[in-house]
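Numbering-wise (the numbering used here), the sequence shown opens with residue 8 and increments by one.
Virtual Cβ for every residue (Gly too), placed ideally from N, Cα, C.
Everything on this sheet refers to the single structure shown next.
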Amino acid sequence: MDFVKPSPQGSSWGLGGTCVNVGCIPKKLMHQASLLGHAIKDAKMYGWKIPEGEVTHNWKLLRDGVQDHIASLNWGYRVQLREREVTYINSYATFSGPFEITATNKKGATEKITADRYLIATGLRPRYPENTPGAKEYAITSDDLFSLPYPPGKTLCVGASYVSLECAGFLKGLGFDVTVMVRSILLRGFDQDMAERIRAQMKDYGVVFVGAVPSKFEELEPKTKNKAGRIRAYWEETAEDGTKVEKSEEFNTVVMAIGRDAETKGLGLDVIGVETNRSGKVKGRREQSLTCPYVYAIGDVLEGVPELTPVAIQAGRVLMKRLCAGVDDLTEYDDVPTTVFTPVEYGCCGLSEENANKHYGKENVIVYHAALLPLEYTVAERADKDHCYCKLICLKNEKVRAYFFFVHV
């Protein structure tokens, strides 16, 4: 059962979920496109003769290539379902009673379906601010960016999440002016020393940071199918004397990336007593709902687990072995490595320095630091050569147990 509600800007997609359609796959491809732009500059120092003149980027060509690849993945999943004799229903499911759902297709036709067990894997969708006039009307999210029919132009990314920073990074790498508006710290939940190093690197990369929250958005010129519009963003800054000063700036595109909520509000979970947290995630243990034993959840929609596609895939495999093959395996959610695809990529595994100090006591933690100069940067005479860095967080009284944080590995 799969159904995608269009975003406020009308974007929808095919089979495969967030990662395939509006997440990891298109993000990584556009990140790669931005890195290639930088590689062209390096190539000259490595002896390649590059034609004179400005090197320009074709957004439409990139977008079409990305979307064509996504379409091939969508089709591949359909074929796999057919080969494995799995019934695919393109309808929106809502629980209408115990062990029963009502499925509604895009034409409005409904049917009742019953089952002994239900697995919820609906993932997350981008959050819009509730009290910011013009946000939902004029701003887009990552649900829309990768299929945008026109070059985004001068872009404002709102939020300090990894989604915001990744989008800001590849857009800047593709040649667009980019501003990131953040309320407080970057990458909440990640190591803050590393987060501040990412901020410094992105500033040197040309990304502008504004410490504020947007108060409203105003459309100056509507977008068309072939051209971005003009949007004025407003916010307040505090002057040296403590007074509030209203600021504003014009952008072509505004990307909201302030967080994500579980896609569970319309599922009728209250009808069968499935308890969720404030963001809509299912409260569960061992992928099973705490309050409704025949309902299970995996992936981002489950409370307290890493929001990573490989983790969801592994959790699904382990759960099916447990339910269908009698294997009593559990998914291990601790110390899962992850990567943030900012211009200089950040990879980490284990506790942050803050959490290590909190959990074990600062006096029991030792941190090793190292600044790195990648060999590839030497001939290219990279200006950002001081941004590669790693640190190793260890317990003083243990020789083996350690937590690794590294950048641009």
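With 16 other CB atoms within 10 Å as the buried threshold, where does residue i fall?
| i | result |
| --- | --- |
| tryptophan 55 | exposed |
| arginine 132 | buried |
| lysine 67 | exposed |
| tryptophan 20 | buried |
| histidine 376 | exposed |
| isoleucine 192 | exposed |
| leucine 382 | exposed |
| phenylalanine 412 | A caution first: phenylalanine 412 carries a pLDDT of 45, below 50, which makes its placement in the model unreliable, though a value can still be read off. Classification for phenylalanine 412: buried. |
| histidine 366 | exposed |
| serine 41 | buried |
| arginine 204 | buried |
| asparagine 259 | buried |
| tyrosine 396 | buried |
| tyrosine 212 | buried |
| cysteine 331 | exposed |
| glycine 23 | buried |
| isoleucine 400 | buried |
| tyrosine 53 | exposed |
| glutamate 247 | exposed |
| aspartate 342 | exposed |
| arginine 91 | exposed |
| isoleucine 320 | exposed |
| serine 79 | exposed |
| proline 221 | buried |
| isoleucine 57 | exposed |
| alanine 390 | exposed |
| glutamate 294 | buried |
| aspartate 151 | buried |
| glycine 249 | exposed |
| threonine 25 | buried |
Per DSSP, residue i is paired with what?
| i | result |
| --- | --- |
| alanine 50 | Alanine 50 is not bridged to any residue. |
| aspartate 163 | As written in the sequence, residue 163 is leucine, which differs from the aspartate given in the question. DSSP output for leucine 163 lists Thr186, Val261 as bridge partner(s). |
| serine 98 | Asn112 |
| proline 140 | Answer is none; proline 140 lacks a bridge partner. |
| isoleucine 127 | Ala304 |
| alanine 240 | Phe224, Glu256 |
| glutamate 118 | Ala110 |
| arginine 267 | Pro133 |
| valine 11 | Note: valine 11 sits in no beta bridge, so no partner. |
| threonine 63 | DSSP, once it has assigned bridges, lists no residue as partnering threonine 63. |
| lysine 251 | Thr245 |
| valine 73 | DSSP lists no partner for valine 73. |
| glycine 218 | Val189 |
| leucine 402 | Val372 |
| glycine 104 | Glu107 |
| tyrosine 396 | Ala378 |
| isoleucine 147 | Val262 |
So residue i and residue j are in contact, right, with Cβ under 8 Å, and what is the actual spacing, rounded?
| i | j | result |
| --- | --- | --- |
| methionine 209 | threonine 349 | 6 Å |
| glutamate 310 | valine 289 | 6 Å |
| methionine 37 | phenylalanine 153 | 7 Å |
| glycine 275 | phenylalanine 102 | 4 Å |
| lysine 34 | glutamate 173 | 6 Å |
| serine 359 | aspartate 198 | 4 Å |
Tell me which same chain residues have a C-beta within less than 6 Å of the C-beta of residue i, skipping the five on either side of it?
| i | result |
| --- | --- |
| asparagine 364 | Val372 |
| glycine 176 | Thr349, Pro350 |
| serine 168 | Ala264 |
| valine 215 | Thr186 |
| valine 170 | Ser149, Ala264 |
| aspartate 71 | none |
| leucine 126 | Tyr303 |
| valine 334 | Lys328 |
Going along the chain, which residues of its own chain have a beta-carbon closer than 7 Å to the beta-carbon of residue i, five neighbours each way excluded?
| i | result |
| --- | --- |
| leucine 88 | Tyr95 |
| lysine 223 | Thr139, Pro140, Gly141, Tyr241 |
| proline 13 | Ser19 |
| glutamine 74 | Ser154 |
| glutamate 253 | Tyr241, Glu243 |
| histidine 415 | Interpretation of histidine 415 is limited by its pLDDT of 32, a score under 50 that renders its predicted location unreliable; the figure taken from the coordinates is listed afterwards. Contacts found: Val351, Glu352, Pro381, Cys395. |
| glycine 160 | Phe183, Ala235, Asn259, Thr260 |
| phenylalanine 10 | Asn97, Ser98, Tyr99 |
| lysine 251 | Glu243, Thr245 |
| glycine 109 | The sequence given here places threonine at residue 109; glycine does not occur at that position. For threonine 109, where only same-chain residues beyond five positions count, the Cβ hits under 7 Å are Thr101, Ser103, Thr117, Lys119. |
| cysteine 7 | Any answer about residue 7 is impossible in this case: the structure gives the chain only from 8 up to 416. |
| asparagine 28 | Trp20, Gly21, Ile77 |
| threonine 121 | Phe106, Glu107 |
Less than 8 Å between C-beta atoms, sequence neighbours within five positions excluded: which residues of the same chain meet that for residue i?
| i | result |
| --- | --- |
| glycine 104 | Val278, Ile279 |
| alanine 409 | Residue confidence for alanine 409 is low, a pLDDT of 49 falling below 50, so the modelled location carries little weight; the figure read from the coordinates is stated next. Hits under 8 Å: Gly357, Leu399, Ile400, Cys401, Leu402. |
| asparagine 284 | Lys290, Glu310 |
| asparagine 233 | Pro156, Tyr157 |
What are the start and end residues of each continuous alpha helix (DSSP H) run of 4 or more residues lying completely inside the stretch 276–323, in chain order?
-> 276–279
Which whole runs of the beta strand (DSSP E) in the stretch 334–387 are 3 residues long or more, in chain order?
-> Qualifying beta strand (DSSP E) stretches, in chain order: 345–347, 353–356, 372–379.
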